[in-house]
Amino acid sequence: MSDNTTTNAFSNNKNIMWVLLSGAMALTFIVMMFLPNSGTGEGMIAVYSAMLWCGIFGAALFRYMTRNGWVGFAIGSVVGLILQMVAQIV
C-alpha cells in the first residue's frame, strides 16, 4: 500500500528541523569562538567557518519563511563575519 501524501524532508521548505539543526551548529560555533583558549576563533579557517555556519542558518531560516535562500545565506555570512571580528576584539 503506497501513500502518495508523504513529502520529502529535503525538498519541504516548511520543515523546521533544518532551521533548528543549522541554528544549533551556528550557535555552538559562535559560543566556541568566545571561549578563551579554545582555538576556534583563530586563523582564516575560523572566519570561513563562522560565515559558513551562520550562512547555512540564514539560508534555512529564509527558506522556512518562503524567501530566497541565497539572500539569507548572504545575510547570515555577513553576520558570521561580524561575530568573528567581535570575538577577536573581546
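Just so we're on the same page, this note's numbering is the position in the sequence shown counted from 1, plus 1.
Note that beta-carbon positions come from the ideal geometry of N, C-alpha and C, so glycine has one too.
Note that the structure is a prediction, hence the values are computed from the model and not measured.
Contact set for residue i: own chain, Cβ-Cβ below 8 Å, skip 5 residues either direction
i     : result
Leu84 : Ile31, Met34, Ala51, Cys55
Ile57 : Ser23, Met26, Ala27, Phe74, Gly77
Residue i versus residue j - alpha carbon distance
i     : j     : result
Gly73 : Leu62 : 7 Å
Gly24 : Val91 : 22 Å
Met49 : Ser39 : One detail in the question is off: residue 49 reads as Tyr in this sequence, not Met. So the two alpha carbons sit approximately 17 Å from each other.
Met86 : Gly59 : 19 Å
Met45 : Gly81 : 13 Å
Cut-off 7 Å between Cβ atoms - residues of its own chain near residue i, not counting five sequence neighbours on either side
i     : result
Leu28 : none
Thr67 : Asn14
Tyr65 : Asn14, Lys15, Ile17, Val20
Option nearest residue i by Cα separation, candidates the options
i     : options                    : result
Asn14 : Met45, Asn38, Gly70, Pro37 : Gly70
Ala88 : Ser12, Val79, Leu36        : Leu36
Leu53 : Tyr65, Val20, Val79        : Val79
CB contact check: residue i to chain B, cutoff 9 Å
i     : result
Ala75 : No chain B appears in the structure shown, which is made up of a single protein chain.
4 or more residues per run - each alpha helix (DSSP H) lying fully within the segment 34-86: 45-65
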